[in-house]
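Trainee: Residue numbers (this note's numbering), protein chains in the order written: chain A, 1 to 162; chain B, 1001 to 1162.
Number of protein chains: 2
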Amino acid sequence: MTSEIHMTGALEPRGSWTADRCSVAKALDVVRTRSALLILREAFYGATRFDEFAKRAQLSDPVTADRLRELVDDGILEREPYREPGQRTRQMYRLTEKGAELLPVLVALMQWGDRWLQDAGPPVQLTHEDCGARITAQLRCERDHEIGEGEIALARTSLART
Amino acid sequence: MTSEIHMTGALEPRGSWTADRCSVAKALDVVRTRSALLILREAFYGATRFDEFAKRAQLSDPVTADRLRELVDDGILEREPYREPGQRTRQMYRLTEKGAELLPVLVALMQWGDRWLQDAGPPVQLTHEDCGARITAQLRCERDHEIGEGEIALARTSLART
DNA sequence: CCGTATCCACAACGATACTG
DNA sequence: CAGTATCGTTGTGGATACGG
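#1: Show which residues of chain B have a CB atom less than 7 angstroms away from the CB atom of Pro104 (chain A).
#2: Name, in chain order, the residues that DSSP records as bridge partners for Met1092 (chain B).
#3: Is DSSP giving Val1242 (chain B) helix, strand or coil here?
#4: Look up Leu154 (chain A) in the DSSP assignment and say whether it is helix, strand or coil.
#5: So, at 8 angstroms on beta carbons, what are the nonlocal neighbours of Glu1070 (chain B) in its own chain, with the 5 sequence-adjacent residues on each side left out?
#6: Buried or exposed: which applies to Asp1114 (chain B), given that a residue is buried once 16 or more other Cβ atoms fall within 10 Å of its Cβ?
#7: Please list, in chain order, the chain A residues whose beta carbon lies closer than 8 angstroms to that of Phe1053 (chain B).
#8: Would you call the CB atoms of Gln125 (chain A) and Ala1155 (chain B) closer than 7 angstroms?
#9: Secondary structure at Glu70 (chain A), three-state DSSP: helix, strand or coil?
#10: Do you know how far the Cα of Met1007 (chain B) is from the Cα of Thr1048 (chain B)?
#11: Just curious, the alpha helix (DSSP H) that Ile39 (chain A) is in, first and last residue?
#12: Can you give the Cα-Cα distance for Glu1080 (chain B) and Arg79 (chain A), rounded to whole angstroms?
#13: Excluding the five sequence neighbours on either side, which residues of its own chain have a C-beta within less than 8 angstroms of the C-beta of Arg56 (chain A), listed in chain order?
#14: Distance check for Ala1137 (chain B) and Val1107 (chain B), CA to CA, integer angstroms please.
#15: Check whether the Cβ of Phe50 (chain A) lies closer than 7 angstroms to any Cβ atom in chain B.
#16: Along the chain, where does the beta strand (DSSP E) that runs through Arg1115 (chain B) open and close?
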């Protein structure tokens, strides 16, 4: 009951805000699949090579190849050729800025899984390197208030629709 | 380069932390589909009835029914019969606590979509009801430091693996 | 209003085998 | 090591029609 978002302004229930232009839907169009998120997880964990992605994310080669290509096409990963002395040229995949900013999504998912799907507690933990304290994904307003349930309002922006 | 998570301790690249017990993977097993997230979005926006979910999320009836059933089975939504005076009994779907805690995931997705996929700026905005300031999903440590790129360490917890 | 039944199309994924 | 080609299976979702 308290978990709802309160709407302000003239927001009709089935206007363009809900599905067409909704950023959630658009984001899901880009990272709709499980494999894409798992590959991203491994990118954050430091994977850069084809093999690492396939093995660590436990994906078959074809799926790994498809997903890597799509993620590169979407500007989330970038290929970079490199060459170690004496070796032939290889490719590595690295997160772009656009890709790196998906981290809060991953962390929020992990945190929810930790809380609701793990019987024996979280298998791994993210900590702040500087101070060692545990990291969480949370909602804050620009005045730095923590956002509790039911404290959210939804407003149509003036920028919307040209 | 700075977007990686630094690993500490004896974390082998392909151990159980990566895929099997990983909370990201487990969470994705529950909310793997686009339709599930869109229905959740509408639940946060206040939808409670079958029709609202189908129309607002722009999903066909069968998919809506499937997804609602699964979300109820997974404890993310709960059905509740209610009866308005003079009407027959109806069902409503409401977020459980488990479901409500997926909000950071949705907000993080929305925020990313706003930033990277919207040309004309965000179509809607979330604001803090108490103070009116805009809301973001962000990473914080327990000592309330904001987490910048590359400031994250990953450690295996002592609780993992019985 | 709240769904179910049926059918169909396409996407996602694994397994296996093969190439530079 | 870094993929591609092919095949088969299941998942996801729309369209349509129907029932309590």
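No residue lacks a Cβ here, since even glycine has one placed at the ideal position from N, Cα and C.
Mentor: In this structure, then:
#1: As a position in the first sequence, residue 104 (chain A) is number 104, starting the count at 1. Per Cβ cutoff of 7 angstroms: Ala1108, Ala1137, Gln1138, Leu1139.
#2: Mapped onto the second sequence, residue 1092 (chain B) falls at position 92. B:Glu1080.
#3: With chain B running from 1001 to 1162 in the structure shown, residue 1242 (chain B) is simply not present.
#4: Position 154 of the first sequence holds residue 154 (chain A). Residue state, collapsed to three classes: strand.
#5: As a first step, residue 1070 (chain B) is located in the second sequence; it is residue number 70 there, counting from the start. Closer than 8 angstroms at the Cβ level, and outside the excluded window around Glu1070 (chain B), lie Ala1036.
#6: For this step, residue 1114 (chain B) is matched to residue 114 along the second sequence. Classification of Asp1114 (chain B): buried, given that the 10 Å Cβ count is 16 or more.
#7: Numbered from 1 along the second sequence, position 53 holds the residue referred to as residue 1053 (chain B). Within chain A, no C-beta atom comes nearer than 8 angstroms to that of Phe1053 (chain B); the closest sits roughly 11 angstroms away.
#8: The residue you call residue 125 (chain A) lines up with position 125 of the first sequence. The residue you call residue 1155 (chain B) lines up with position 155 of the second sequence. Yes, the pair counts as a contact, with Cβ atoms nearer than the cut-off.
#9: Stepping through the first sequence from its first residue, residue 70 (chain A) is reached at position 70. The answer is helix: DSSP assigns Glu70 (chain A) an H, G or I state.
#10: Locating residue 1048 (chain B) in the second sequence gives position 48, counting from the first residue. Locating residue 1007 (chain B) in the second sequence gives position 7, counting from the first residue. For Thr1048 (chain B) and Met1007 (chain B), the distance between alpha carbons rounds to 43 angstroms.
#11: Counting from one through the first sequence, the residue named residue 39 (chain A) turns up at place 39. Where Ile39 (chain A) is concerned, the enclosing alpha helix (DSSP H) stretches over 34-44.
#12: Reading the second sequence from its first residue, position 80 is the one you call residue 1080 (chain B). Reading the first sequence from its first residue, position 79 is the one you call residue 79 (chain A). Taking the CA atoms as reference points, Glu1080 (chain B) sits about 50 angstroms from Arg79 (chain A).
#13: For the purposes of this step, residue 56 (chain A) is identified with residue 56 of the first sequence, where counting begins at 1. Closer than 8 angstroms at Cβ, skipping near neighbours: Glu42, Tyr45, Ala47.
#14: As a working mapping, residue 1107 (chain B) is identified with position 107 in the second sequence. As a working mapping, residue 1137 (chain B) is identified with position 137 in the second sequence. Using only the alpha carbons, I get a separation of about 6 angstroms.
#15: The sequence position of residue 50 (chain A) within the first sequence is 50, counting from 1. Interface criterion not met: the Cβ of Phe50 (chain A) is under 7 angstroms from no Cβ in chain B.
#16: As a first step, residue 1115 (chain B) is located in the second sequence; it is residue number 115 there, counting from the start. Looking at the DSSP string, Arg1115 (chain B) is not in any beta strand (DSSP E); the run it does join, the alpha helix (DSSP H), is 1103-1116.
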